[in-house]
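A.B. asks: The sequence shown finishes on residue 227 if you use the working numbering, and the numbering steps up by one all the way, no holes.
C-beta atoms are modelled at their ideal positions from N, C-alpha and C, and glycine is treated no differently.
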Amino acid sequence: MSSPPQPKRRRIGIHKPFISPLKRADSSIATAENTPSRISNLRNETTSESLAIRHLESRIRELRAQNAILQQAVATSSSISTSTTSAMSITRQPSRLETKWRKASQAAADTVFHDFSTRIRDNGGYTAFLRQQSTYQPFFSDQSNDDNNNKTTQGDEEDWRDEMGDELTARGKKQRRRENEDKVKKQEEEEEEQEEQELGMGSMLQVLNIPFEVIGWDEKEQAWK
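In structure tokens, the structure reads:
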């Protein structure tokens with residue numbers, strides 16, 4: 003058989019009332035949580051973190067502003083460089099156009115010169131062409147006066163008259179004959195000089211009234227520049 007349980011021993015000399023340990027632990031925890039120092043520490047930690055966040059946000063805004071300024075400066079400098087480059091290209095453009103125009107004009111002049119020289123040779127040569135050019139008179143000219151002068155200086159000596167219309171004396175007729183001889187001699191010399199000239203690009207440009215420096219012709223070297 004099982005023995006009966008032994009009775010609990012009662013402590014003697016205990017005067018303090020019994021307090022549950024669980025209740026004491028709960029009260030200590032509650033006391034620790036509600037301590038004012040703990041609350042102040044939490045507030046301080048929260049305040050310092052918020053200040054740090056605000057400082058970072060302000061720093062980020064500053065960096066963004068600086069980045070925007072740098073981007074604007076880069077855009078401005080690139081636009082200036084682009085405009086400068088375009089301006090330089092515009093200043094160079096006339097020289098390229100001028101060179102292109104000269105080359106085209108020189109090629110056209112070579113083509114025209116071939117036909118020009120061929121036709122002149124087929125029509126009596128360059129000397130005959132120059133003589134024809136020198137004797138050409140426009141409609142409104144002093145050709146009538148020249149004809150009257152020729153009538154008074156050429157023809158029968160008996161019909162020679164002075165400027166007043168009076169008949170020339172023997173001395174006047176002698177002087178008139180000398181003048182006629184000098185005139186004929188001068189004309190022959192001019193014809194000889196014209197025969198020495200050759201038909202070239204420079205002479206054609208002169209006939210066409212085209213300046214050498216405009217089209218780029220070097221008369222001394224007889225070549226295009």
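Let me know the secondary structure DSSP gives E169 once reduced to three states.
C.D. replies: strand
A.B. asks: According to DSSP, what are the bridge partners of W226?
C.D. replies: W219
A.B. asks: Need the endpoints of the alpha helix (DSSP H) that L207 sits in, please.
C.D. replies: 203-209
A.B. asks: Mind checking whether I217 and A109 have CB atoms under 8 Å apart?
C.D. replies: The Cβ atoms of I217 and A109 do not sit closer than 8 Å to each other.
A.B. asks: Do G204 and W219 have their C-beta atoms closer together than 8 Å?
C.D. replies: yes
A.B. asks: Could you name the residues of the same chain whose beta carbon sits closer than 6 Å to that of F118, not counting the 5 residues immediately before and after it, in chain order?
C.D. replies: M206
A.B. asks: For L53, count the other beta carbons within 10 Å of its own beta carbon; 16 or more makes it buried, fewer makes it exposed. Which is it?
C.D. replies: exposed
A.B. asks: Measuring straight from C-alpha to C-alpha, what distance separates K222 and R104?
C.D. replies: 19 Å
A.B. asks: Judging by CA-CA distance, which residue of R98, A130, R56, R180 is the nearest neighbour of E192?
C.D. replies: A130
A.B. asks: Less than 8 Å between the C-beta atoms of L201 and I122, yes or no?
C.D. replies: yes
A.B. asks: Should L99 be labelled buried (16 or more other beta-carbon atoms within 10 Å of its own) or exposed?
C.D. replies: Exposed: under 16 other Cβ atoms inside 10 Å.
A.B. asks: Just the C-alpha distance for Q208 and E190, rounded to the nearest angstrom, thanks.
C.D. replies: 23 Å
A.B. asks: Among Q224, A172, S107, T101, which has the Cα closest to the Cα of I212?
C.D. replies: S107
A.B. asks: Please report the distance separating the alpha-carbon of N182 from that of R133.
C.D. replies: 20 Å
A.B. asks: In whole angstroms, what is the alpha-carbon distance linking T113 and S97?
C.D. replies: Taking the straight line from one Cα to the other gives about 24 Å.
A.B. asks: Let me know the secondary structure DSSP gives I55 once reduced to three states.
C.D. replies: helix
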